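Chains as they are written, first to last, in this note's numbering: chain L, 39 to 148; chain Y, 2 to 114. Quick reminder that beta carbons are idealized off the backbone N, C-alpha and C, glycines included. Note that the coordinates shown come from a computational prediction; the quantities given were computed from them, not determined experimentally. Notes follow once the structure below has been shown.
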C-alpha cells in the first residue's frame, strides 16, 4: 500500500551540529522524493527533492540521499542554525500524488 | 507571479453555513490540489485536478465539493461541515500531475462551530 515512514518524530541538535532525518517507502515504482519544511503557521515549502535516477543531491547545507534498493531516503542538514527549526516532511510519489511522512520536529538550540 | 494564493486566510463557520475557499495561481500550472492538514500532522490529499478535470477524489465526504472554473482557479465549496472538519486547508499546484514539484499556498484556517 501507500506508506511513508519517517524517523525520528522529534530531533534536538545544538547549533552548528548536523541533523539527519530518514524515510522509508513501500512502492518500488516510486520515482520522486521531495522534502518540505513547514514553519509554525506557514505553508509547507519545498526545500529539496530527488528522483530515482540519482543517488544524492546537494544544495548548500542541505543534501538528500536515496537508496532505491532499500527503499529509503534521508535528509541531511549540516551546520544547523536556529532558523532551521521547523517541521520537516518527506514524501514519496505514488501514481499522480504525493504521500507524506508523519513529520519530524527539528529544534536547533543556540 | 510565482506564488499560490488562497483566500480567506481564516474562516469561522457554523454547521449549517455554506462557504467557499478560493485558490489561485498564475504560473501556468495545469495540476491543482486540495489538502487538509490537522495540527502536527502531514498534509492529507483530498482532491487532484488535472487540466481542469477532477482526476483524484480521496473518498472525501460530499460536504466538500471542489470546482475548477479555469486553469488558474480552484475552489472548495463547504456545506454542512462538522467540528472535526476544522483544519488548515492547503491548495497546491504543479506543472502537471506527472511533474511532481508541488508548491503550496498559505492555507485557509477553518474553524467549524
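- The residue among 82/L, 86/L and 97/L with its C-alpha nearest the C-alpha of residue 91/Y is 82/L.
- If you look at residue 113/L, you'll find it in the beta strand (DSSP E) that goes 110-115.
- In the DSSP assignment, residue 70/L falls within the beta strand (DSSP E) that extends over 70-76.
- Residues of chain Y with a Cβ closer than 7 Å to the Cβ of residue 140/L are, in chain order, 43.
- In its chain, beyond the 5 residues on either side, 53, 146 and 148 have a beta carbon closer than 7 Å to the beta carbon of residue 120/L.
- If you check the CB distance, residue 74/L and residue 85/L come in under 9 Å.
- A Cβ of chain Y is located within less than 9 Å of the beta carbon of residue 81/L.
- Residue 56/Y has a beta carbon lying within less than 9 Å of a beta carbon in chain L.
- When DSSP reads this structure, residue 74/Y sits in a beta bridge with 25/Y and 71/Y.
- Residues are counted here when their Cβ sits less than 7 Å from a Cβ of chain Y; for the region 123-140 of chain L these are 127, 131, 134, 135, 136, 138, 139 and 140, given in chain order.
- The C-alpha of residue 105/L lies about 12 Å from the C-alpha of residue 113/L.
- Interface flag for residue 72/L against chain Y is set, since a Cβ pair is found closer than 9 Å.
- Taking 9 Å as the cut-off, the Cβ atoms of residue 142/L and residue 78/L do not count as close.
- Shown here for residue 125/L: same chain residues with a beta carbon closer than 6 Å to its own, the five before and five after excluded, namely 76, 141 and 143 in chain order.
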